[in-house]
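Down below is the structure, laid out as structure tokens.
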Amino acid sequence: MKKIQSALISVFYKDGLAPILEKLNQMGVRIYSTGGTYDFIREQGYEAETIESLTSYPSILGGRVKTLHPKVFGGILGRRDLPSDQEQMEAYDIPAFDLVIVDLYPFEETLEQTRESKEIIEKIDIGGISLIRAAAKNYQDVMVVASSNLYGELLQLLEEKNGSSDLEDRKYFAAHAFSTSSHYDTAIFKWMNPGSIQSFKQSRYNPNGLRYGENPHQEALFFGKLEEVFEQLHGKAISYNNLLDLDAAISLISDFDETTFAVIKHNNACGLASRENLVDAWKDALAGDPVSAFGGVLVTNKAIDKATAEEINSIFFEIIIAPDYDTEALEVLKTKKNRIILKKKSYDFCKKQYRSLLNGVLTQEKDLRTETADDLETKTSAAPTAEEVEDLLFANKIVKHTKSNTIVLAKNKQLVGSGTGQTSRVDALKQAIDKARHFELPLEGAVMASDAFFPFADSVEIADKAGVKAVIQPGGSIRDKDSIAYCDAHGMSMMFTGTRHFKH
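Written as structure tokens, this is what we have:
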């Protein structure tokens, strides 16, 4: 156990500091402080000594240099059980610090408020981060509090142990200190690095506790600020699997400009339609697979009106996310107490993806390419009609967001069948056809989209016999000519995009 007899306090935010000052005063702790923190302590009615009185140097260079001095860092780093350290501290009149409290310049908050480099640079803390690292390194002797978020824990410790701490306490706070410093440096690095330095650095605070992970026996957390992406208007807590579906839903709907409704199940669209009005988009999306829609996630790119809400309310679903809701629509949707209702916000998502596997992390750019008519190349004698081109582009958007291997069948901007996550393209096509027929959706005159090239002509032959008239695919197989020849012989059109859209 070590008794706290002296403290160095230098903080940006003073909220929550007053009770700690009161406790330190009661214990007779000698306090050293800097600038605004010193003024705050005096305003609270407590005694304190300035760092300048210790170092005999004023704050210089516009406040950039205040605490960077041997008398400060010697008092933090001096080892109490090492006679040579103690002799030097005595020789140079260096007081020992038992407690260091620091709250850093708000670098991340500054990034949110301005793009002015000069202002941002001045919020890169130098003295504070150095104090934190020094105190954390010497946790054998020094207690360090590196964030105002820990004031409550410090106060509780001071009260419970009467101003003392044991090694476990100090190591706990030191670990928090290095977490703070690494997070701070990561934020600075990500701001300064335009991408030329290849380095995987991510740091997030304040995880959201989830009920469980993918399965009940798995623990899970989410690191991120969900309130930046959407506002929860109603319903129970969002789960791990919900978040996966929401990510898929938001990514998918962002590719559509027309009024569109989609139903997501296990990260794939099981129903989707684009129409002039929202209620029709919903009805045709649901018709794509009303069985899978049970317990699904609903997403649209338009505000929900009362008429659409009443139609939606007739089925059970977990989540709905939309840019807005009419007041009457919300009243209808809120009749189910556990139903999660989310209002999507505008948010600039990271353009990279990360996945942990084996003993490392994979990173890649997100698949943000969405083909337009200008990207398509007709490879067959017959060219698709204008309506077929629209359906081809529609289907190609869906196939991009569906797990590979996948085939999507569409007609009149309605998803009529999809094969998802199959080990062969033929199996994916057969699954898509079976689903369309099961729900009595029209295949005659439909179009087919594939996430990757056809290695053989068997897929276009099966599609032709089912009624498909136009095909969109990346191309690139050494047997492309076989698929093209089959289409030419049977009056089908085929377009190449030149872009594969695998999703695993």
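Position 222, counted from 1, in the sequence shown is what my numbering calls 231; the numbers after and before it change by one each time, with no gaps.
Backbone N, C-alpha and C fix where the C-beta goes; we use that ideal spot for every residue, glycine too.
*Could you work out which residue in A441, N276, A296, N286 is closest to V306 when comparing CA atoms only?*
Here residue 306 refers to the residue found at position 297 of the sequence shown. Nearest C-alpha to V306: N276.
*Cα-Cα, which of I141, G218, I133 is closest to K180?*
Counted from its first residue, the sequence shown places residue 180 at position 171. For the set I141, G218, I133, the Cα lying nearest the Cα of K180 is the one of I141.
_Reduced DSSP secondary structure (H/G/I, E/B, other) of L377_ = Translated into the one-based positions of the sequence shown, residue 377 becomes position 368. Coil at L377, not helix or strand.
_If we require 3 or more residues per run, which beta strand (DSSP E) segments fall completely within the region 417–486?_
List check, beta strand (DSSP E) in window: 423–428, 456–459, 479–482.
*Does the Cβ-Cβ distance between T415 and K512 come in under 9 Å?*
Locating residue 415 in the sequence shown gives position 406, where the first residue counts as 1. Locating residue 512 in the sequence shown gives position 503, where the first residue counts as 1. Yes. Within cutoff.
*If you draw a straight line from the C-alpha of L167 to the C-alpha of V370, how long is it?*
Numbered from its first residue, the sequence shown carries residue 167 at position 158. Numbered from its first residue, the sequence shown carries residue 370 at position 361. The alpha-carbon atoms of L167 and V370 are separated by roughly 41 Å.
*Beta-carbon proximity list for P451, same chain, < 7 Å, skipping 5 on both sides*: Mapped onto the sequence shown, residue 451 falls at position 442. Here the set comprises K420, V425.
_Own chain residues within Cβ distance below 7 Å of L120, not counting five before or after_ = Here the question's residue 120 lines up with position 111 in the sequence shown. Listed in chain order, the non-local C-beta contacts of L120 below 7 Å within the same chain comprise I129, W200, local neighbours out to five positions each way being set aside.
_Residue environment, Q373, which counts as buried when at least 16 other CB atoms sit within 10 Å_ = Indexing the sequence shown from 1 puts residue 373 at position 364. So Q373 counts as exposed.
*State the DSSP-derived secondary structure class of Q149, mapped to helix, strand or coil.*
Your numbering for residue 149 matches position 140 in the sequence shown. Under the three-state reduction of DSSP output, Q149 falls in the coil class, being neither helix nor strand.
*In three-state DSSP terms, what is A282?*
Against the sequence shown, residue 282 aligns to sequence position 273. The answer is strand: DSSP assigns A282 an E or B state.
*From E397 to R364, what distance separates their C-alpha atoms?*
Counting from 1 along the sequence shown, the entry for residue 397 is found at position 388. Counting from 1 along the sequence shown, the entry for residue 364 is found at position 355. Computed Cα separation, rounded: 37 Å.
*Would you mind working out which of K345, Y249, R446, E236 sits nearest H226, comparing C-alpha positions?*
In the sequence shown, residue 226 corresponds to position 217, counting from 1. Checking every option, the nearest Cα to that of H226 belongs to Y249.
*Reference A515; option with closest CA among T269, F198, P393, G280*: There is no way to answer for residue 515, as the model of the chain reaches only from 10 to 513.
*Per DSSP, which residues does N277 bridge with? Please list them.*
By 1-based counting over the sequence shown, the position of residue 277 is 268. In the DSSP assignment, N277 forms a beta bridge with K274.
*Report the option in Y47, A196, R220, I442 whose CA atom is closest to the CA atom of F21.*
Counted from its first residue, the sequence shown places residue 21 at position 12. The closest CA to that of F21, considering only Y47, A196, R220, I442, is found on Y47.
*F187 (DSSP reduced to helix, strand or coil)*: Numbered from its first residue, the sequence shown carries residue 187 at position 178. Looking at F187 - three-state DSSP - the assignment turns out to be helix.
_Own chain residues within Cβ distance below 8 Å of L159, not counting five before or after_ = Along the sequence shown, read from residue 1 onward, the residue named residue 159 stands at position 150. So the list reads F182, H185, once near-sequence residues are dropped.
*Using DSSP with H/G/I as helix, E/B as strand and the rest coil, what is H192?*
Counted from its first residue, the sequence shown places residue 192 at position 183. Look at H192 here: in three-state DSSP terms it is helix.
*Start and end of the beta strand (DSSP E) containing Y41?*
As a first step, residue 41 is located in the sequence shown; it is residue number 32 there, counting from the start. Counted as a single uninterrupted DSSP element, the beta strand (DSSP E) harbouring Y41 occupies residues 39–42.
*Quick one: complete alpha helix (DSSP H) runs, 4+ long, within the region 40–83?*
Listed in chain order, they are 44–52, 60–64.
*Take V408 as the anchor and find which of A458, L30, A145, L86 has the nearest alpha-carbon.*
Locating residue 408 in the sequence shown gives position 399, counting from the first residue. Considering only alpha carbons, the answer is A458.
*In the DSSP assignment, find the unbroken beta strand (DSSP E) run with Q362 in it and report its ends.*
By 1-based counting over the sequence shown, the position of residue 362 is 353. Looking at the DSSP string, the run of the beta strand (DSSP E) that includes Q362 is 361–366.
*Would you mind stating whether I349 and I324 have Cβ atoms separated by less than 9 Å?*
The residue you call residue 349 lines up with position 340 of the sequence shown. The residue you call residue 324 lines up with position 315 of the sequence shown. I324 sits away from I349, with the two beta carbons spaced by 9 Å or more.
*With a floor of 3 residues, list each beta strand (DSSP E) that falls wholly inside the region 164–250, ordered by position along the chain.*
Counting whole runs of 3 or more residues, the region 164–250 contains the beta strand (DSSP E) stretches 239–243.
*asked:* Shorter than 8 Å, the distance from the beta carbon of Y66 to the closest heavy atom of the ligand MG, or not?
replied: The ligand MG is not among the ligands present in this structure, which contains no ligands whatsoever.
*Put L255 into one of helix, strand or coil per three-state DSSP.*
Your numbering for residue 255 matches position 246 in the sequence shown. Of the three classes helix, strand and coil, the one that applies to L255 here is helix, per DSSP.
_Own chain residues within Cβ distance below 6 Å of H499, not counting five before or after_ = Here residue 499 refers to the residue found at position 490 when the sequence shown is read from its first residue. Excluding residues within five positions, the ones whose Cβ falls inside 6 Å are D473.
*With burial defined as no fewer than 16 other Cβ atoms inside 10 Å of the residue's Cβ, what is the status of P79: buried or exposed?*
Here residue 79 refers to the residue found at position 70 of the sequence shown. Exposure of P79 is indicated by the presence of fewer than 16 other C-beta atoms within 10 angstroms of its C-beta.
_When you compare the CB positions of I135 and L17, do they come within less than 9 Å of one another, or not?_
Reading the sequence shown from its first residue, position 126 is the one you call residue 135. Reading the sequence shown from its first residue, position 8 is the one you call residue 17. Not closer than 9 Å, so no.
*Pick helix, strand or coil for V300, following the three-state DSSP scheme.*
Residue numbering aside, residue 300 sits at position 291 when the sequence shown is read from its first letter. Here V300 sits in coil by DSSP.
*Relative to the C-alpha of Y221, which residue among Y55, I247, F270 is closest?*
Counting from 1 along the sequence shown, the entry for residue 221 is found at position 212. Residue I247 is the option with its Cα nearest to Y221.
*Give the DSSP-derived three-state secondary structure of F511 in the structure shown.*
Counting from one through the sequence shown, the residue named residue 511 turns up at place 502. Coil.
*Three-state class that DSSP yields for D527 in the structure shown*: Any answer about residue 527 is impossible in this case: the structure gives the chain only from 10 up to 513.
*Count the other C-beta atoms from every protein chain shown that fall within 10 angstroms of the C-beta of Y356, then say buried if there are 16 or more, exposed otherwise.*
What you label residue 356 is simply residue 347 of the sequence shown in a count that begins at 1. A residue is called buried once 16 or more other Cβ atoms fall within 10 Å of its Cβ, and Y356, having fewer, is exposed.
*For I273, which option in V288, Y193, S301 has the closest C-alpha, if you only look at C-alpha atoms?*
Taking the sequence shown and counting its residues from 1, one reaches residue 273 at position 264. Comparing Cα positions, the closest option is S301.
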